[in-house]
Amino acid sequence: MLKLMRYLRHYKKEAVLSPLFKLLEASFELLVPLVMAAIIDTGIGTGNRGYIYSRGALLVIMGIVGLCSAVTAQYFASKAAAGFGTELRNDLFRHIMGLSRTETDSIGQSTLVTRMTNDSNQIQNGVNMFFRLVLRSPFIVFGAMVMAYMIDGREGLLFSVVIAVLFVIVFFIMRKSVALYRGVQKKLDGLLRSTSENLEGVRVIRAFRREKAETASYRNAAEDLSEEQILVGKISALMNPLTYIVINLALVAVLQTGAVHVNTGRLTQGEVVALVNYISQILVELLKLAYLIILLSKASACAKRISEIFAVTNSMADGTADASAAEPSVEFKDVGFSYPGAPEESLSSISFKAQPGETVGIIGGTGAGKTTLANLIVRFYDTGRGEILVGGRNIREYTLESLRKTVGIVEQSARLFSGTVRDNLRWGDRSAGDAALMKAAGTAQASEVISGKENALDSGVEQLGRNFSGGQKQRLSIARTLVRRPHILILDDSSSALDFATDAALRRAIRTDCAGSTVFIISQRVTTIKNADHIIVLDDGKMAGYGPHAELVKDCPIYREICLSQLSEKEAAGI
Amino acid sequence: MMKNIKTKHSADKKTLSRIFGLMKPYTPLLILSLFLAVVVVVSTLFIPVLSGRAVDDIVGKGRVDFISLRKILLQMCAVIVTTAVSQWFMTVVTNHVAYKIVKDMRISAFEKIQRLPLRYIDSHSSGDIVSRIITDVDQFSEGLLMGFSQLFTGVLTILITLVFMFRLNPFITLIVIFLTPLSLLVSAFIAKKSYVHFRHQSEARGAMTSIVQEMTEGMSCVQTFNMQDPVCSKFNKADGELQTASFKAVFYSSVANPATRFFNALVYAGVGVFGSVSALSGGISVGQLAAFLGYASQYTKPFNDISGVVTELQNSIACAQRLFDLIDEEEIVPEHPDVTDLSGVQGKVSLKDVAFSYVRSRPLIENLNLDVQPGQRIAIVGPTGCGKTTLINLLMRFYDVNEGTVSVDDHDIRTVTRSSLRASYGMVLQDTWLKYGTVKENIAMGKPDATDEEILYAAKESYADGFIKRLPRGYDTVIGEDGDSLSAGQRQLLCITRVMLAVPPMLILDEATSSIDTRTEICIQQAFDKLMEGRTSFVVAHRLSTIRNADRILVMKDGHIIESGRHEELLASGGFYAGLYNSQFETA
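First to last, the sequence lines map onto chains A and B. Just so you know, we're using this note's numbering here: the first sequence kicks off at 1 and counts up by one. Just so you know, we're using this note's numbering here: the second sequence kicks off at 576 and counts up by one.
Structural data, given as structure tokens:
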């Protein structure tokens, strides 16, 4: 929790002033019983009406000043807390965006969302209440104790004991609640994921008539959560009654000991009344303090969860060289790789060299390692063994930013974002003008997707690109990558949703418009890759063949098999 | 553009009565809670009476009545214990009610999701909907809790305190009552202002959640395009709006407490001054004055609490309203009153004069007519966006046709239950979607009571067994959200296994094998062929190898079927299809 306090650095003024103004307000409140005692002892005691009225006016003035201080304090507190929340979230978001796949794979997406929204909210609330109560409540509690001492040393001692006992009770209950609360947040995570799933997978769920089953399991999870919340509630509910008992027994004690002292003349009746007043002040503020502590314990649990995310750092070290100056040759030297936690290697002993301007096809069975290979070139993961060289240098030497500018990858699942078509295409190059965008769209065979929509480039794209068909999404995402004119282009099964005519036109356009770029085409279709300069045949993570189509048909049995499954003998050999 | 649900602008009576409706099942517990509240308040208020009497026994040096004092102090102890126990019980009971109500709300909302039309889900941000069900409901429950515990006791305290005070000294009580309206006016004003800002805050939060969801899902894209900075800027902007809304909401609502404390101070001063003056002329004793001061604090404390509670309640009602907005959304067309179950499906499917469009102004499918005999294999090809996936949406009744009818075995699909209709189809979609759970659970989605052998068999038939065995825990491996840890091809194999297990009378395959290499596809194809024997199947694919063996090929363009026939016929006729097929051999 303390570690996160750095997000208040821009609000130091507010963070300091707010509690101070609260302190001011609280000081006046502490003086009130003393003024009252004076009214009783002097005013009533000496029958001085004027004294009573003047002291009464004093009380009103103190009230007004108190109000102004409090409002000022609240203003600063709200400002600081809101600002804190925003800076925390901004930083957390940026941090998450900077993590590599290795880290995010293991954390899980819905918990990231919960932590960014729900948890940060709790912390913000905690910070707000902290400012409002941190100086007020403890101050009043200890102030009351000090006042008691001033009235009579022994009563002061009584007050000290009472406060100590109260703290012990509060501390233990708080600790227990924090631990239990973490369990509650975790269950909430689960509910969030369930809710999300049922929206995103709605077609599958309805197709398999799983609505009832999903509802039943959700019901169980929700019941589970409420049971846990009730349990935690039972324990934190002990706080008020227990403190109440302690405080009021203290009141009894004050009356008893006070009686004895008044009898011996040590104390006056008015002073006993003041002591009684202070006891009830303590009660009110202690309950608020307890509430604050509960809130802080919740916030603390959430802060832990967020700190966990901050503690996870990107395991990949960035390089320093600029990749855009490198010539677009790609070489794999005995590369081996396995996904974190996987027992077997997904790629073993891959070696090849693609010359600048070459087109390289990659073909192979499911799980053969094609996408893995692409992921390594763009450095989503680092190789386990061997080296990958671009322009003759190990890709780890380049800055990730320049590497990803130079190597453009169109992933298998085309992903668009909510916004306009123009916004999406500009992801490729933020400074690109409409002409550049339309040119890239032309090459990607996406021109008519754009012109087919009423607002052309200004057309809206819904979340996940839902208002576009699969093929349209693919073409737009290809256009997006082409906008940045990458020197090395990787198309990972990017034409799977396109018909043959469009696929052929796409390859033709890329050949013409991206001449000079090294192009990797990953596909299942022989027709897509057979005109490549070289073809890499992957089988179970290993290279089963490397060469042009004509050679492979003769020398590589796996490749031959694939060809024959898609084309007739004549077609395979003839072209 | 992504729509957000329309929002109402003030908490109105209807929302309140709905909230009361939610509380209705828990009436006995609420009554218990109310009863306990009375016990707590009365016993709490008795303390000042007793301590006042005690003070009266402590007059001065040598004038203390210890015997009477002892009696009073013992009474106080008894009252204290009673109060504490009742207090604990009351909190537990109100907790119970609040959390259960929240649970009820979440379950209703979830059930509602199952009844929302696809049209709605496709066009609304899921982050906003999720935010309502998770965060808004949470806020609502916190407000409700505070409301119950503090509002009940607060109002009771005020009423009973007034009674006590009146019995002590009517005149001073009148002064107290005179000052009360001030406090109420202030509270009402603050509450109104806060409500608006709390709504803004909820909305801003919903918008922010949407961005977070989208960007965490699409993180690899963000990294590929080095979009971290712009994406963070976009987020910062949304967060900034949240900051402003938050600040205003919290500030306005937090002014309530100091305002009522000021009111307290006025009351205290008033009681102190007039009480002392009255004591001078013997109107009340010092002990009674002390008691009165005690009551004054007791009396004003709930106003503090209530104003705080009222603003929290405003926030809660705002959040509840957001949930109700979701629950009020239009549902799927209810089942026809005389609906029957489709059974013994032969597989005859016909579409008559069907017209459909997602957006009224942009017609997609027009005058579609199709007659499929049982057991036929129909392949659908065409350029992207021509209406293939839409056709499937209509067959499965994910969307209803605008005009015309779709029939299965001569039954209009609107006259049979959706459940039985969908059970007749095995569907493998372009978008592979898997649930968070084990491989086994995912495969068994269509047949939850399947035995392990059946699952194994289906997996072997679909060639998924090979890679499943190599996963860390085999069939019990938990697949990450959205099937993250598997490749697209592996996900598709699992989706196919799902259908293989369920063995439905008809099949819909949409781009089913596009992410699988053709070697594996051939084996699957053979298995599918076995499956498809005698079963009506609709195959949407781009691979001509898949289509070659179809009984009929439908060539679609712009929502119409422009050609239909067998592969050889269409090639020979030299039309659109022929052009599509021949293009795969162009040099490129």
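Think of the CB as a built atom: it goes at the ideal place given N, C-alpha and C, for glycine as much as any other residue. Being a predicted model, the structure only gives us computed values, none of them experimental.
DSSP state of residue i mapped onto helix, strand, coil
i	result
B:A1163	Residue placement at B:A1163 cannot be trusted, given a pLDDT of 38 that sits under 50; what the coordinates show is reported in the next sentence. In this structure, B:A1163 counts as coil in the three-state DSSP scheme.
B:I709	helix
B:D928	strand
A:K3	helix
B:H986	strand
B:V956	strand
B:M576	For B:M576, the predicted model reports a pLDDT of 37, less than 50, meaning its position is unreliable and no value from the coordinates is stated.
A:I575	The pLDDT assigned to A:I575 is 49, lower than 50, so where the model puts this residue is not dependable; a value taken from the coordinates is nonetheless given after this. A:I575: coil per DSSP, three-state reduction.
B:V1078	coil
A:A144	helix
A:P385	It is Arg, not Pro, that sits at residue 385 of chain A in the sequence shown. Note: A:R385 maps to strand in three-state DSSP.
A:Q566	helix
B:H584	With a pLDDT of only 48 at B:H584, under the threshold of 50, the placement of this residue in the model should not be trusted; the figure read from the coordinates follows. B:H584: coil per DSSP, three-state reduction.
A:D499	coil
A:A321	strand
B:F773	helix
B:R1127	strand
A:I558	helix
Residue j beta carbon less than 7 Å from that of residue i
i	j	result
A:I282	A:V141	yes
B:G718	B:S891	yes
A:S418	A:V461	yes
A:K22	A:R136	yes
A:S120	A:L99	no
B:G962	B:G1134	yes
B:K687	B:I1018	no
A:A77	A:S18	yes
A:N198	A:E214	yes
B:S785	B:D703	yes
A:S346	A:G319	no
Extent of the continuous beta strand (DSSP E) to which residue i belongs
i	result
B:M794	From DSSP, B:M794 is part of no beta strand (DSSP E) but of the alpha helix (DSSP H) over 794 to 799.
B:D946	940 to 947
B:L1004	Note, B:L1004: premise wrong, no beta strand (DSSP E); not H, not E.
Where the alpha helix (DSSP H) containing residue i begins and where it ends
i	result
A:R115	Here A:R115 belongs to no alpha helix (DSSP H), and DSSP marks it neither H nor E.
B:S592	588 to 598
B:M680	641 to 690
B:H1135	B:H1135 -> not in any alpha helix (DSSP H); beta strand (DSSP E) instead, spanning 1135 to 1140.
A:A77	49 to 97
B:Y1032	1027 to 1036
B:L609	602 to 632
B:A998	993 to 998
A:L464	Looking at the DSSP string, A:L464 is not in any alpha helix (DSSP H), and its letter there is neither H nor E.
A:S106	101 to 107
A:F28	12 to 38
Candidates the options: closest to residue i by CA position
i	options	result
B:L917	B:F973, B:V852, B:A998, B:E778	B:A998
A:E308	A:I510, A:V204, A:R115	A:R115
B:P1047	A:V178, A:R480, A:L437, A:S338	A:S338
A:V616	A:I107, A:R55, A:L231	The requested residue 616 of chain A does not occur in the structure, where chain A is confined to residues 1 to 575.
A:R560	A:R175, A:Y149, A:G541, A:V537	A:V537
A:G557	A:Q566, A:R426, A:L567, A:A544	With the sequence shown as reference, residue 557 of chain A is identified as Pro, and Gly is not the correct amino acid for it. Ranking A:Q566, A:R426, A:L567, A:A544 by Cα distance to A:P557 puts A:A544 first.
B:D1085	A:S496, A:V519, A:T512, A:R508	A:S496
A:G143	A:A505, A:S280, A:F332, A:V526	A:S280
B:P1080	B:Q1101, B:T1072, B:M1107	B:M1107
Short CB-CB distance (under 7 Å) between residue i and chain C
i	result
A:K234	The structure shown has no chain C; the protein chains it does contain are A and B.
Open item on the list: Suppose only complete runs of 4+ residues qualify. What are the alpha helix (DSSP H) ranges in the region 149 to 224 of chain A, listed by chain order?
Closed with: 153 to 200, 202 to 207
Open item on the list: To test your reading of the DSSP string, which unbroken beta strand (DSSP E) runs of 3 or more residues are found completely within the region 399 to 457 of chain A?
Closed with: 407 to 410
Open item on the list: Runs of 3 residues minimum, wholly inside the region 855 to 941 of chain B: which ones carry the beta strand (DSSP E) assignment?
Closed with: 924 to 931
Task: Length at least 4, wholly inside the region 477 to 543 of chain A: the alpha helix (DSSP H) runs in chain order - done: 500 to 513, 526 to 529
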